[in-house]
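Residue numbers (mature numbering (1 follows the signal peptide of the UniProt record, and there is no 0)): -19 to -1, 1 to 289.
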């Protein structure tokens, strides 16, 4: 009897672990549109990314968030999941030969890569893929902040792809990549020359943008403000670089570039720094220099210490 109860308990626990509510994972309602799903995914990913969240279980939660977005951002998978649940979705993926999950790969990838690279429109960094420009931004910090360390939320404005941008493209054999079009010129009977020209309507190989598309009334991209968590450890130096991959402007057919925060140390009123050493100048009268003195100073961590 006890063995039977144990078996049933294990079975119930297994079934409970298998039944994941992807909407609850992202913290959204079942009526959420693609824009709301995308926004929730970005926020959750920033909070739980294992490179930024050392708490126990954060990596597993991040994987759940990535899986939830993979399903809910795909209209076909979302439809199957809504109708048949996660188990039905797995059966559907197996029938489609997709296998489900992350295909055996690393769900984390390089830092923030899956989180910002098109959010499902662009997967991974393949060879030969173009990349939008990297951005370097100065991050001004006081000597006190560098001494004790600080966690910041830095606002950053970037261009993100219209959620429905793929609906606004058409097939074109002339497009050989983002902004690249092949033009054919007949020089003589039987002789054709191919010339590459610039055409911003080409968004990727074989795809051309349809102007005036109602699915993206504001064009290919729209401006978005995000908050980037930057952890500055104690002892950080002037000029150090904190890089976040795949977080700059998005463009169709291209991988988002990297954002670099470069530390700029601002002057302190009392202390100066030379490597790992701190210096301060204290003026004392001659009599104190001759007979001795005692002064209380405040350190950068706001603790007092006595100099005699």
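We treat Cβ as the ideally placed atom computed from N, Cα and C, and that holds for glycine.
Bear in mind the structure is a predicted one, so any value in this text is a computation, not a measurement.
- DSSP places residue 63 inside the alpha helix (DSSP H), whose first and last residues are 56 to 76.
- According to the DSSP assignment, residue 40 belongs to the alpha helix (DSSP H) that extends over 39 to 53.
- Residue 143 places its beta carbon less than 9 Å from that of residue 201.
- For residue 274, there is no enclosing alpha helix (DSSP H), since its DSSP letter is neither H nor E.
- With 16 or more other Cβ atoms inside 10 Å of its own Cβ, residue 230 counts as buried.
- Contact annotation: the region 127 to 134 touches the region 209 to 220, with at least three C-beta pairs closer than 8 Å.
- For residue 253, no alpha helix (DSSP H) segment is defined; the enclosing uninterrupted segment is the beta strand (DSSP E) at 252 to 255.
- In terms of CA proximity to residue 223, 117 leads the group 117, 276, 172.
- Looking at the DSSP output, residue 222 shares a beta bridge with 243.
- Taking a 10 Å sphere around the C-beta of residue 52, we find 16 or more other C-beta atoms and assign the residue as buried.
- In this structure, residue 203 keeps its C-beta atom at 9 Å or more from the C-beta atom of residue 263.
- Residue 138 is positioned such that its CB atom lies no closer than 9 Å to that of residue 244.
- Note: residue 137 is bridge-paired with 207 in the DSSP secondary-structure output.
- By the Cβ rule, the region 57 to 68 does not count as touching the region 232 to 242, because fewer than three pairs are nearer than 8 Å.
- DSSP places residue 165 in the strand class (E or B) of the three-state scheme.
- The beta carbons of residue 127 and residue 216 sit closer together than 9 Å.
- Under DSSP, the beta-bridge partners assigned to residue 260 are 253.
- DSSP, read as helix, strand or coil, puts residue 16 in helix.
- For the pair residue 289 and residue 220, the Cα-to-Cα distance works out to about 35 Å.
- Judged by their CB atoms, residue 36 and residue 6 are not nearer to each other than the 9 Å cut-off.
- Excluding sequence positions up to five before and after residue 145, its CB lies within less than 7 Å of the CB of 196, 197, all in the same chain and listed in chain order.
- With respect to residue 280, residue 286 sits close: the two C-beta atoms are nearer than 9 Å.
- Collapsing the DSSP output to three states places residue 281 in coil.
- In the three-state DSSP reduction, residue 10 falls in the coil class, being neither helix nor strand.
- When rounded, the separation of the alpha-carbon atoms in residue 20 and residue 13 is 10 Å.
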